[in-house]
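Residues in the sequence shown are numbered consecutively from 3, following our numbering.
Yeah, the Cβ is synthetic: ideal placement off N, Cα and C, and Gly gets one too.
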Amino acid sequence: MRGRYLVRSNGAFAALTVADAVLGLVAHNKPGKKRRDLRRVLIGIGGHLGDAVMATGALRLIARTRPDLEIGVAAGSWSADVFRGHPSVKWLHAVDHWKLNRSPLHLTAKLRRSAATARTAVGEIRATDYDAAVDLYPFFPNMAAVFARAGVPIRIGYSSGGLGALYTDSVAWTHERTHERTHMTAKHARLVARLLDLADVEGRELLYLLPRTTAEICGRVDALPVQQTERFVVLHPGTGAMQKEWPIASWRELAKEFRDRCIHIVVTGSGIRDQAAAQAIVEYVPECLNLTGRVTWQEFVEVVRRASLVISGDTAAAHVAAACETPQVALFSGITDSVEWRPAGLAGEVVMQPVPCAPCFRNDGCDVMTCIRGVGVDTVLERALKILNIF
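Here you go:
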């Protein structure tokens, strides 16, 4: 946290400071007036796939307290599968900001896509005629400019991501003391409660993926070498950020330990690096079933739902397991605050090597990354066997 912004870069801090100073002079936003006649609400979800899964708790809160509301979602296209066909989501708007785009596209192509998707989203949002929007993402880039350009009357979001003057209700981000830190789903709930005038929002909301899998998807998963009655463990080594990943050598040794105990192993992932990691594990332990890059998002969710245990890093797989209430062991680095970002629910454990510098909030971590690389295979195996009730 630098000043009121969740940034570390001097350049980003200076740019956001200047932008907010200018907007403070020219923007004339009146505080958002909470209205009981809300019809349509837009939820802004920044970040990556894991952020999208975590944000589904906000959908559950709205559906539980105001089932009459129609809900739209603005998010990166990489998160679309989380919301496509969701029973609570009527509209889906893609906003692919260049800074969050992890595709191999050149920067100029990312910038063009960023501008094009924002322009399209503004038109769609304006045409849908939303009464209010809540931006859940506290970092830059947020959805403040998109929501303001679309003319949404009530716009709620954190000022910590910059452009806070473009919200009608700009909420300051405050760092809680260690013993008072709350999970991100609870923070999401507070923003939604601010819009809906909910006096009492307790704890974190359960995540809310598709409530049931279609027969078609179940049939496709049944056709895989994963039997519904067979006990298996999912290993998901990739995280989308190399510095947060557990060493491949450790994943290989863990897979071998499961193989030696006759526990079936399924390896999952999606990207090119995930495929390389999965191949390294399978070469070491050929008995593993490698589904990396071979299943759709919905099929992946169903595989996680059927698993006896999921072991992953700090990534979307951990949050999917939480949503499915599948037991899990999540391997966290010290880059993020595990209290705020750990998988929601009670069906799992977070493992991290204790270090005095964690959480450091450094995007690139450090050279040694003892916090994650120092986690021993024996430690993870012990937690896993305890969950599986194998001694």
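| Taking one C-beta from the region 260-268 and one from the region 324-335 each time, how about it: are there three or more such pairs within less than 8 Å? | With the cut-off at 8 Å, the region 260-268 and the region 324-335 do not touch.
Worksheet item: Between the beta-carbon of Val322 and the beta-carbon of Val297, is there less than 7 Å?
Response: Not in contact: Val322 and Val297 (Cβ atoms no closer than 7 Å).
Start and end residues, beta strand (DSSP E) containing Ser116: Following the DSSP letters along the chain, one finds Ser116 in no beta strand (DSSP E) but inside the alpha helix (DSSP H) bounded by residues Leu109 to Thr130.
Candidates Ala123, Phe85, Arg104 and Gly376: closest to Val97 by CA position: With distances taken between Cα atoms, Val97 lies closest to Ala123.
Q: Out of Ala117, Val91 and Ala243, point me to the one whose CA is closest to Pro366's CA.
A: At residue 366 the sequence reads Asp, which differs from the Pro that was named. Of the candidates Ala117, Val91 and Ala243, Ala243 places its Cα closest to the Cα of Asp366.
* Could you say which of Glu384, Val370, Asp133 and Gly26 lies nearest to Val352 if we only look at CA atoms? => Looking only at Glu384, Val370, Asp133 and Gly26, the smallest Cα-Cα distance to Val352 is reached by Glu384.
- Taking one C-beta from the region 156-164 and one from the region 7-27 each time, how about it: are there three or more such pairs within less than 8 Å? Contact between the region 156-164 and the region 7-27 is present, because at least three Cβ pairs lie under 8 Å.
Handout entry: Uninterrupted alpha helix (DSSP H) stretches inside the region 321-377 (no shorter than 4 residues)
Key = Segments of the alpha helix (DSSP H) lying fully in the region 321-377: 340-343 and 372-375.
| query | Mind checking whether Ala324 and Ala360 have CB atoms under 7 Å apart? | reply | Contact: no.
Does His177 come out as helix, strand or coil in the three-state DSSP assignment? Judged by DSSP in its simplified three-state form, His177 adopts coil rather than helix or strand.
Rounded to the nearest angstrom, what separates Gly46 and Val236 at their Cα positions? Spanning the alpha carbons of Gly46 and Val236 requires a straight line of approximately 31 Å.
- Query: Between which two residues does the alpha helix (DSSP H) harbouring Trp100 extend?
  - Reply: That residue, Trp100, is in no alpha helix (DSSP H); it is neither H nor E in DSSP.
Practice prompt. Please go through the same chain and pick out, in chain order, the residues whose beta-carbon is closer than 6 Å to the beta-carbon of Ser81, but skip the five residues on each side of it.
Written response: Contacts found: Leu51 and Ala54.
Practice item. Sort out for me which residues DSSP pairs Leu209 with in a bridge. Key: DSSP, once it has assigned bridges, lists no residue as partnering Leu209.
With 16 other CB atoms within 10 Å as the buried threshold, where does Thr67 fall? By the neighbour-count rule (16 or more Cβ atoms within 10 Å), Thr67 is not buried but exposed.
**Study point:** Of the listed residues Asp137, Ile374 and Ile250, nearest to Leu193 (C-alpha basis)
**Key:** Ranking the options by Cα distance to Leu193, first place goes to Asp137.
DSSP-derived helix/strand/coil call for Gly165: Residue 165 is actually Leu in this sequence, not Gly. If DSSP states are grouped into helix, strand and coil, Leu165 belongs with coil.
Mind the definition here: the region 241-259 touches the region 366-378 only if three or more C-beta pairs lie below 8 Å; say whether that holds.
-> With a cut-off of 8 Å, the region 366-378 and the region 241-259 count as touching, because enough Cβ pairs lie within range.
_Tell me the rounded alpha-carbon separation between Cys220 and Ala147._
If I take the Cα positions, the gap works out to 41 Å.
Next item on the list: Confirm, please, whether the CB-CB distance from Asp171 to Arg41 is below 7 Å.
Entry: Taking 7 Å as the cut-off, the Cβ atoms of Arg41 and Asp171 do not count as close.
Can you tell which of Ile158, Ser310, Asp339 and Pro143 has its C-alpha closest to the C-alpha of His185?
The alpha carbon of His185 has as its nearest neighbour, out of Ile158, Ser310, Asp339 and Pro143, the alpha carbon of Asp339.
Integer-rounded CB distance, given that Gly49 should sit under 8 Å from Leu208
In fact, because the Cβ distance is near 20 Å, the residues do not count as touching under 8 Å.
- Looking only at its own chain, which residues have a Cβ that is under 6 Å from the Cβ of Phe141, when we skip the five neighbours before and after it? For Phe141, same chain residues with a beta-carbon under 6 Å away, outside a window of 5 residues either side, are Leu8 and Gly163 in chain order.
| Counterpart residues of Tyr7 in DSSP-defined beta bridges | Bridge partners of Tyr7: Arg4.
| task | Measure the alpha-carbon distance for Arg10 versus His190 and round it to whole angstroms. | result | Rounded to the nearest angstrom, the two C-alpha atoms are 23 Å apart.
query: Count the other CB atoms within 10 Å of the CB of Asp316; is the residue buried (16 or more) or exposed (fewer)?
result: Label assigned to Asp316: buried.
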